[in-house]
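Undergrad: Residue numbering for the sequence shown is 871 to 1025, as defined by this note's numbering. Backbone N, C-alpha and C fix where the C-beta goes; we use that ideal spot for every residue, glycine too. Encoded as structure tokens, here's the structure I'll be asking about.
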Amino acid sequence: MPTSSQAVELTSETIEISVLADASSLDAVASILKQSNLPCNLRLATNLEEYRTILDPTVNIVLYDANSIVSRITLTKAIEILFDSNMSIPLLVINGESSIPAAVKAIKTGATDYLTAQALAELPAKITQALNNFDYLCLQSQCADHTEQQLQKLI
């Protein structure tokens, strides 16, 4: 797991992004990321089998497009598969619905962040922010686990 200073530098490396969407959504995402010069590779999954296949330890973040044709794949199922993979990977939801209840529901379900389709231009910044925040939370969790182990040794 990278240190917090390494997490901030993550954007200088190629970011591996799994995109659970249809091809037209992938094109929109690719266009925005290309314009931003964010170094990344995109892997498209249009169904659950492909999604399971593209989840591997090299993936840095998952983008879930709730508006695409793959919306038959529920956010709950996408997060369940991610958790079952035993990999700590943030998941960012892109949705055309710009309501606060929809965003809250996505976060409560387990998404790392939520972005409306109207604010898609913010995607590069949201990806960087999600990766940095997620790495920081993972480090906090590791520190807490280490502290608990040390306390158990003292008892």
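#1: Kindly indicate which three-state DSSP category Ala995 falls into: helix, strand or coil?
#2: Is the beta carbon of Ile951 less than 7 Å from the beta carbon of Leu985?
#3: Is Gln1010 helix, strand or coil by DSSP?
#4: Can Ile902 and Leu962 be called in contact, C-beta distance under 7 Å?
#5: From the DSSP output, which residues share a beta bridge with Tyr934?
#6: Kindly give me the distance between the Cβ atoms of Leu1000 and Thr982, rounded to whole angstroms, as I take these residues to be in contact under 8 Å.
#7: Please state whether DSSP places Ile885 in a helix, a strand or coil.
TA: According to the data block:
#1: On the sequence shown, residue 995 is found 125 positions in, with the first residue counted as 1. The answer is helix: DSSP assigns Ala995 an H, G or I state.
#2: Taking the first residue of the sequence shown as 1, we reach residue 951 at position 81. Taking the first residue of the sequence shown as 1, we reach residue 985 at position 115. With a cutoff of 7 Å on beta-carbon distance, Ile951 and Leu985 are scored as not near each other.
#3: On the sequence shown, residue 1010 is found 140 positions in, with the first residue counted as 1. A caution first: Gln1010 carries a pLDDT of 45, below 50, which makes its placement in the model unreliable, though a value can still be read off. Three-state result, Gln1010: helix.
#4: Counting from 1 along the sequence shown, the entry for residue 902 is found at position 32. Counting from 1 along the sequence shown, the entry for residue 962 is found at position 92. No.
#5: By one-based count along the sequence shown, residue 934 stands at place 64. BP columns for Tyr934 point to Leu890 and Val963.
#6: Within the sequence shown, numbered from 1, the residue matching residue 1000 stands at position 130. Within the sequence shown, numbered from 1, the residue matching residue 982 stands at position 112. Residue identity differs from the one stated: residue 1000 is Ala in this sequence, not Leu. Sure, about 5 Å apart at Cβ, within 8 Å.
#7: Working through the sequence shown from its first residue, we reach residue 885 at position 15. Three-state result, Ile885: strand.
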